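Peer 1: Numbering (UniProt numbering), first residue to last: 1 to 1240.
Right, here's the structure in full:
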């Protein structure tokens, strides 16, 4: 791909070139929208062609690119510019793909909520409202209010499509030139000013967030004599063209609307394998895309700058970056090696030197608050980026808001680069150089290295690949997405990172231009201040006026200026026709003051001499005159505030002082922090950070706060300290038992003294540790210390106290222990603890305790305790007495049962239960202490077998088990066996047949109605199904001839199904038809005195009988007329004229229209002197009067409300004119011969 193509693909990504796939969602696109209201049927044709002026009110405020911009395709040609989608404003994926504008998909999409502060108005919908729509607004359902609705769509290639048409696309996009709607709006008695009427719109399989720019301007356009119309897209699930009525609407209007699409307007297929479908009020237009291909995207690092217009009053400057190769290397190496792809190590800074054309007055330049990037279109295996798929834009919310740096006019590039490098990423410069040129610059920050934005920062949940996958046509597995997300987590965000700045002009009715004398520059500035120029190029752009002036229209312009006459907001204007022209006068223009941030409307007269026109102070209706008119609202600048807080970082962020500042909006305060900072540095403070702008604060419409952080200065010195531990060893009488123990710990530190508070601090450093070790007390035979060990003491600091301990030695006590042990279980039965002093004999004996156990069936095994008692020594002496359980042999018998039950499905008995038994015997050994069995000997016999049992036969039923199998290896330990054999009734079916007796054909033949077991009743649901099926045919227009009753139960014969038959015939209906025919007498030749045409009407009627099923005519009565003859029509007498037919005679009524012409001739003027008569020749004799009759076909059948005018036709009956050629030529000149047909 060439460099030009690379640049276009990149800039299209951010909505800053024409035809791009990204657009500001809430800004009005540059487009034309013409709305024509054709007057009601009672008005003259001449007034039906009146052009209604279209008011233009451009919003000069810019909406953040990051909040609403569509998905960028790949930079450097990485991804196709034909696909895109968006993320929601909070950077959560939310498809712009709503349920009514996108294909239904498992990949979710966001739905914007409507503000609860929106005033509620009455609204009428031409289609049923959804429940969600009804919950938001009061809706008046009036489907009859819009009729004769027609709509066409014209695409950019000139194709005009009608309802139902399908167009095959060359790619995945379709852009419109315009949408044209024509319909009749009728008052039904419920409509009033403020009522809203909705023309519903649905859009399916669209991935383009700015789809609305393909459907309407987003502004309210006037409809003459009706109100306004606007395409409403705030709720993607409830799209509609909304007509808001005003107090001019009454009766009936024929409305024509042409909505021209923006140059950036289009639809893009979300799935290239499904059609894009647009539906407007039930009229469907289908667009078939070409399947996408997903080639690998490859390109090194690049920066792109551009200027483009998407609104009539503004141009956007955009800077973006991208590097496909970085991601390809990163993904293919599992995140280990992104390679060297030319990514600079410093901050990327772009500078624009802007020169607008003469007459292009700039009123504001506003950088977006956030940078943005895009999701990544990654291959199915997660190894590289692809072209042609659908990434989505995302705001970098982790950024601080854009920081605007004030610099003097005509600052050099070096000055700009230094200031922006110091300010950091997402900082900007906007300078009015005062000579008609402007300077704009943006720091995008680092793309790689320390300080670069990572994907974890913009997506802390670390599932970036999963989120991006929702917007791709490619579907990756969860395993691949998890791996990609893990790779991206700490990766730099380069692809699609960008920023834009909006330039707003005063006049949106003209072509505003940034000339090709403008230049853009991009640089890399590293942390050492080294500057590398990356590129330099010429830029230019122009706006497109949003409305063109028709011939004869005049302009009303509304200016918004401050008290000095400077324009502070984009002008509003409207074109219209003044009174007295050939085109009807346009409605008055309603001028309304705006709410402008930082300004207050001046409501008293305060004329500005430098501004031409008249000052307005309130809303005012303005009539169009024969010349252009200018008006202006004056706004006084508001006072604004700022606050500078001086903070002591050392003292817990204590506020030292606060400076309150006040000034005019958009002015810079002269206050500087230098003097106050010096006051504190003189008190031994040091400056940490000064957030206040070095050139002073520029006031806006909010309170701005700044902090100046200071810390205390300090001085240092070295200090030493020793901590001692002393342990003394003594007997109970206080005499020394062992020599005293002494240990020491030494500490040193560098002491820091706070020169503000004079407080000294500093961490001590241990020279030989920070713990005293544990010290074991010395052993003295026959004595025990009260502390066997003086424990270790940890965390000793230089501030710890000295430690002193005393250990006291006491004479030792003596002990013995007798344990009684159960040898059978190995458990200790009990323990006797004995205490005394060394050398003495204890009186305790074991005999009494042993007897208590032998009385409970224990036997003594051994007694280790001395018979004369234990004598104590210095050790603990232990003794054991062992006992065991007495045992006995007993006989054990056991019977094992097998029980077989035979039941029906309802669990009732089908046959007698079968029971089989097996007997076993054995010996067991029993413990007489626990009374438990300690051994079980083998069963006799060792195993036995239950034989096989054949299931008994039950007529009409089949068992689920033909036999119960034999069970072998049964022992005395086996559990009893229970078996159940279930008998099931045979399966039966009921079918039905439907016969059309009229057509003599079978509609359904032995279709299964229901099934069930033999001899069981049919369910109520089966009977209901039978009735519903018959009723469904009756609802189609059939009539019931006969209907078999369903059987009460299923029969017992499974070889034949039970069948019921229904006979139907076609229903018929009578329709009344009528048509009108006319006799028209037309008068000619009497100039202004010529009488109006006289028309008589006759009505023919008949009755037609039609088949309800086929719609064909069965029979029809003859046509009959409400009269047999038209009345004779006497010709009116006009003084000075003679008539060729004094009375048009009565005519019989036929089924054709009849036209008769009557001609008047001026009587000759009598001269002053009589002229001798001239004897006429034979050819001079007057011809007899001629009666001209024109017959035309009768008007077509039409609804009762539709009116028709008869056509004159082309065939004349009666005699032809036989007058002289000169008289014939005269009559032709008077327009009495060969008149044109009157239009219907």
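The beta carbon of each residue, even a glycine, is placed where N, CA and C say it ideally should be. These numbers come from a predicted model, not from an experiment.
Would the beta-carbon of residue 883 fall within 8 Å of that of residue 859?
Peer 2: Closer than 8 Å, so yes.
Peer 1: Kindly provide the ranges of any alpha helix (DSSP H) runs that are 4 or more residues long and lie completely inside the region 459 to 539, ordered along the chain.
Peer 2: Within the region 459 to 539, the complete alpha helix (DSSP H) runs of at least 4 residues are 464 to 469 and 478 to 488.
Peer 1: Excluding the 5 residues preceding and the 5 following residue 964 in the sequence, name in chain order all residues of the same chain whose CB lies nearer than 6 Å to its CB.
Peer 2: Result list for residue 964: 900, 949 and 979, in chain order.
Peer 1: Applying the 10 Å Cβ sphere with the 16-neighbour rule, what's the burial state of residue 459?
Peer 2: It is buried - the Cβ of residue 459 has at least 16 other Cβ atoms within 10 Å.
Peer 1: Could you tell me which residues DSSP puts in a beta bridge with residue 1253?
Peer 2: Residue 1253 is absent from the structure shown; the chain starts at 1 and stops at 1240.
Peer 1: Beta-carbon separation of residue 441 and residue 350 under 8 Å?
Peer 2: Yes. Within cutoff.
Peer 1: Run through DSSP, which three-state label would residue 804 get?
Peer 2: Three-state DSSP puts residue 804 in a strand.
Peer 1: For residue 1245, collect the residues of the same chain with a Cβ closer than 8 Å to its Cβ; drop the 5 residues on either side in sequence, then sort them by chain order.
Peer 2: Absent from the structure is residue 1245, since the part of the chain shown begins at 1 and ends at 1240.
Peer 1: Roughly how many angstroms separate the alpha carbons of residue 843 and residue 741, rounded to a whole number?
Peer 2: Rounded to the nearest angstrom, the two C-alpha atoms are 44 Å apart.
Peer 1: When DSSP builds the beta bridges, which residues end up paired with residue 785?
Peer 2: Per DSSP, 809.
Peer 1: What ranges does the beta strand (DSSP E) occupy inside the region 179 to 264, keeping only unbroken runs of at least 3 residues that lie completely in it?
Peer 2: With a minimum length of 3 residues, the continuous beta strand (DSSP E) runs that stay inside the region 179 to 264 are 196 to 204, 221 to 223, 227 to 232, 240 to 245 and 252 to 260.
Peer 1: Might you give, ordered along the chain, the residues of its own chain that have their beta carbon closer than 7 Å to the beta carbon of residue 433, omitting 5 neighbours on each side?
Peer 2: Answer for residue 433: 409, 410 and 439, listed in chain order.
Peer 1: Any idea what DSSP makes of residue 424, helix, strand or coil?
Peer 2: Coil at residue 424, not helix or strand.
Peer 1: Measure the C-alpha to C-alpha separation of residue 645 and residue 660 and round it to an integer number of angstroms.
Peer 2: If I take the Cα positions, the gap works out to 9 Å.
Peer 1: Would you call the region 475 to 490 in contact with the region 386 to 405, where contact means no fewer than 3 C-beta pairs closer than 8 Å?
Peer 2: Touching, no, given that fewer than three Cβ pairs across the two stretches are closer than 8 Å.
Peer 1: With the cut-off set at 8 Å, would you say residue 729 and residue 715 are in Cβ contact?
Peer 2: No; because the gap between Cβ atoms is not below 8 Å, this pair is not in contact.
Peer 1: Quick one, which of 1048, 192 and 996 has its alpha-carbon nearest residue 1020's?
Peer 2: Of the candidates 1048, 192 and 996, the one whose C-alpha sits nearest the C-alpha of residue 1020 is 1048.
Peer 1: Within 10 angstroms of the Cβ of residue 600, are there 16 or more other Cβ atoms? Answer buried if so, exposed if not.
Peer 2: Exposed is the call here.
Peer 1: Please classify residue 1038: is it buried, with 16 or more other beta-carbons within 10 angstroms of its beta-carbon, or exposed?
Peer 2: So residue 1038 counts as buried.
Peer 1: Can you list, in chain order, the residues of its chain with a C-beta nearer than 7 Å to that of residue 383? Leave out the 5 residues immediately preceding and following it.
Peer 2: Around residue 383: 331 and 332.
Peer 1: Check this for me: beta carbons of residue 276 and residue 241, under 8 Å apart or not?
Peer 2: Going by C-beta atoms, residue 276 is not nearer than 8 Å to residue 241.
Peer 1: Secondary structure at residue 1022, three-state DSSP: helix, strand or coil?
Peer 2: Reduced to three states, the DSSP call for residue 1022 is helix.
Peer 1: Quick one: what's got a C-beta closer than 8 Å to residue 967's C-beta in the same chain, skipping five residues either side?
Peer 2: 898, 945, 946 and 977.
Peer 1: Pull up the distance between the alpha-carbon of residue 449 and that of residue 358, whole angstroms please.
Peer 2: Straight-line Cα distance between these residues: approximately 45 Å.
Peer 1: Consult DSSP for residue 836 and reduce its assignment to one of helix, strand or coil.
Peer 2: Residue 836 falls in the strand class under three-state DSSP.
Peer 1: Which word fits residue 273, buried or exposed, when buried means at least 16 other C-beta atoms lie within 10 angstroms of its C-beta?
Peer 2: Flag for residue 273 reads exposed.
Peer 1: According to DSSP, is residue 123 part of a helix, a strand, or is it coil?
Peer 2: Unreliable placement is indicated for residue 123, whose pLDDT of 36 sits below 50; no coordinate value is reported for it.
Peer 1: Residue 131 by DSSP, collapsed to three states: which one?
Peer 2: Caution is warranted here: a pLDDT of 34 is assigned to residue 131, below 50, making its placement in the model unreliable, and no coordinate value can be reported.
Peer 1: Verify whether the separation of the beta carbon atoms of residue 1030 and residue 1046 is less than 8 Å.
Peer 2: Contact flag unset, no.
Peer 1: Which residue spans inside the region 1028 to 1079 form an unbroken beta strand (DSSP E) run of at least 3?
Peer 2: Counting only runs of 3 or more, we get 1038 to 1043 and 1058 to 1066.
Peer 1: Hey, which unbroken runs of the alpha helix (DSSP H) at 4 residues or more fall wholly within the region 380 to 446?
Peer 2: List check, alpha helix (DSSP H) in window: 413 to 423.
Peer 1: Apart from the five residues just before and just after residue 135, which ones in its own chain have a Cβ nearer than 7 Å to its Cβ?
Peer 2: The pLDDT assigned to residue 135 is 35, lower than 50, so where the model puts this residue is not dependable; a value taken from the coordinates is nonetheless given after this. Excluding sequence neighbours, residue 135 sits near nothing in its chain.
Peer 1: Among 770, 587 and 688, whose alpha-carbon lies nearest the alpha-carbon of residue 722?
Peer 2: Out of 770, 587 and 688, 770 has the C-alpha closest to the C-alpha of residue 722.
Peer 1: Would you kindly check if the distance between the Cβ of residue 1079 and the Cβ of residue 995 is under 8 Å?
Peer 2: Cβ atoms of residue 995 and residue 1079: not closer than 8 Å.
Peer 1: Alpha carbon to alpha carbon, how far is residue 430 from residue 145? Give it in angstroms, no decimals.
Peer 2: Going by the C-alpha atoms only, they are around 53 Å apart.
Peer 1: Name the residue from 1162, 1114, 1096 and 924 whose alpha carbon lies nearest to the alpha carbon of residue 1250.
Peer 2: The chain is shown only over 1 to 1240; residue 1250 falls outside these bounds and no answer can be derived.
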